[in-house]
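Numbering (the numbering used here), first residue to last: 1126 to 1510.
Ideal Cβ positions, reconstructed from N, Cα and C, are used throughout, including at glycine.
Remember, predicted model here, so these are calculated numbers, not experimental data.
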């Protein structure tokens, strides 16, 4: 784009960025098409990420991490994955490190942390978070998965759907009802291990996009979950979800801008080479105006996200700000996807072109991590209170 200097990052960050970029070029991009056919990335790729220190960087050293309490490094990894155009990995890897792992680090018992965090850092264990149900999406209070207190354990029954990393998951943060009479105050979070009896998974869904992302249903039938797998306190789950969702929505916003930049870069290359009426598409005013509009919007989005990363690093990220970023950036991503396909003409509708795949991948961004309609409601509550 404009190549504006980004004051958010220093020299060490940029060295890290280059190492991430080199890793993606060698270990992710060459295999993404194969993963899309398999409907999931390989377990080996997770282990390679772990070997290179790209998973759970914030985890303490005694649990295998590097204790990096600087979200700028996480942001760089998210950006570079998005800029590669590999949307499946760009969603799955950050979800594991930046969305699932914080629940365990912040609310898990010492036993749970010791059992799961080292494996999640190494890539031997893959994490997922399960909130959505067949009959309850953004309305968490409407979920039906239950956890009945049985003394030394909970008995969990129910199902979850549209779970990212679900098929490969080894450990899942599951939202459950421990007291169905208390609404939001009856929601708790438990860790369910894939090895627990009664826990099963459906096949990966046939989705419109994100073909390399293993999204599936999870089923719980009389699953015995030990009390030490309760995250935090019973009945506090909704509060924990609301606290952690701010970072989740920032992660989605960062990925949306990066994937938008990937589509714009691909389109810039295409319009310079493609000829029509004896001149390049880039010589037509309509093309130039569309490119200018997208560049300006993405540059503004990047600056806004940089600011929010800085606030997050300082512990000042407001949930409504994160909701606004998620809303604006995913709307922008979808608009850029549509414009880039149009500028490619018929070729933009061919799966072999990156913009076609990115177009299919973009649409769900406005749905998960809270629909954009919910984002607008959260923003409205903030400004009207």
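Quick one: using the 10 Å Cβ neighbour count with 16 as the cut-off for buried, is residue i buried or exposed?
i	result
residue 1443	exposed
residue 1231	exposed
residue 1160	buried
residue 1214	buried
residue 1208	buried
residue 1273	exposed
residue 1404	exposed
residue 1512	Missing from the structure shown is residue 1512; the chain here goes from 1126 to 1510 and no further.
residue 1392	buried
residue 1158	exposed
residue 1257	buried
residue 1222	buried
residue 1168	exposed
residue 1503	buried
residue 1411	exposed
residue 1508	exposed
residue 1284	buried
residue 1490	buried
residue 1306	exposed
residue 1406	buried
residue 1314	buried
residue 1129	exposed
Along the chain, where does the alpha helix (DSSP H) that runs through residue i open and close?
i	result
residue 1351	Counting along the chain, residue 1351 falls outside any alpha helix (DSSP H), though it belongs to the beta strand (DSSP E) covering 1341 to 1351.
residue 1363	1362 to 1398
residue 1575	Given that the chain is displayed from residue 1126 to residue 1510, the structure contains no residue 1575 and the question cannot be resolved.
residue 1505	1497 to 1509
residue 1407	Run containing residue 1407: none; DSSP gives neither H nor E here.
residue 1222	It is not in any alpha helix (DSSP H) - residue 1222 carries neither H nor E in the DSSP assignment.
residue 1292	First-last for residue 1292: undefined, no H or E at that position.
Tell me which residues share the same chain as residue i and place their Cβ nearer than 6 Å to its Cβ, disregarding the 5 neighbours each side in the sequence.
i	result
residue 1174	1180, 1248
residue 1234	1353
residue 1480	1388, 1391, 1465, 1466, 1469, 1473
Check whether chain B comes within 9 Å of residue i, counting only Cβ atoms and requiring the distance to be less than that.
i	result
residue 1393	The question asks about chain B, but that chain is absent: this structure has only one protein chain.
Taking residue i as the reference, which of the options has the closest Cα?
i	options	result
residue 1446	1416, 1368, 1318, 1336	1368
residue 1264	1418, 1140, 1498	1498
residue 1487	1471, 1501, 1506, 1465	1465
residue 1131	1429, 1495, 1492	1429
residue 1492	1420, 1451, 1154	1451
residue 1535	1212, 1153, 1163	There is simply no residue 1535 to check, as the chain begins at 1126 and stops at 1510 in what is shown.
residue 1365	1144, 1221, 1301, 1151	1301
residue 1347	1137, 1328, 1327, 1321	1321
residue 1476	1336, 1345, 1502	1336
residue 1413	1459, 1426, 1397, 1239	1397
residue 1395	1495, 1454, 1467, 1372	1467
residue 1135	1146, 1284, 1195	1195
residue 1288	1329, 1407, 1303, 1317	1329
residue 1448	1425, 1419, 1505	1505
residue 1319	1345, 1408, 1495, 1375	1345
residue 1290	1219, 1440, 1145	1219
residue 1317	1494, 1228, 1418	1228
residue 1266	1375, 1439, 1362, 1494	1362
residue 1255	1299, 1240, 1236	1299
residue 1438	1371, 1187, 1129	1371
residue 1331	1162, 1145, 1260, 1154	1162
residue 1360	1374, 1500, 1216, 1303	1303
residue 1500	1133, 1144, 1282, 1375	1375
residue 1176	1494, 1240, 1145	1145
residue 1240	1217, 1454, 1187	1187
Which residues mark the beginning and the end of the beta strand (DSSP E) in which residue i is found?
i	result
residue 1278	1278 to 1288
residue 1252	1252 to 1255
residue 1300	1296 to 1302
residue 1489	Residue 1489 -> no beta strand (DSSP E), and no H or E assigned at all.
residue 1174	Where residue 1174 is concerned, there is no enclosing beta strand (DSSP E), although the alpha helix (DSSP H) it sits in stretches over 1168 to 1176.
residue 1324	1324 to 1326
residue 1316	1312 to 1318
residue 1273	1271 to 1274
Leaving out the 5 sequence neighbours to the left and right, which residues in its chain are closer than 8 Å to residue i when beta-carbon positions are compared?
i	result
residue 1226	1181, 1183, 1184, 1242, 1245, 1252
residue 1423	1126, 1382, 1385, 1386, 1389, 1457, 1461
residue 1141	1198, 1201
If you drop the 5 nearest sequence neighbours on each side, which residues of the same chain put their C-beta closer than 7 Å to that of residue i?
i	result
residue 1189	1242, 1243, 1246, 1247
residue 1149	1205, 1206, 1209
residue 1171	1248, 1251
residue 1333	1485, 1488
residue 1178	1191
residue 1478	1469, 1472
Got a sec: does the ligand ADP put a non-hydrogen atom nearer than 8 Å to the Cβ of residue i?
i	result
residue 1292	Absence of the ligand ADP from the depicted structure is noted, as is the absence of any ligand whatsoever, leaving it without description.
- [ ] Check whether the stretch 1287 to 1303 touches the stretch 1337 to 1352, taking contact to mean three or more Cβ pairs, one atom from each stretch, closer than 8 Å.
- [x] yes
Open item on the list: Three Cβ pairs or more, each shorter than 8 Å: is that satisfied between the stretch 1429 to 1438 and the stretch 1375 to 1387?
Closed with: yes
Open item on the list: With a threshold of 8 Å, are at least 3 pairs of Cβ atoms found where one atom belongs to the stretch 1305 to 1312 and the other to the stretch 1351 to 1358?
Closed with: no
Open item on the list: Below 8 Å, how does it come out for the stretch 1345 to 1353 and the stretch 1268 to 1282: are there three or more Cβ pairs, yes or no?
Closed with: yes
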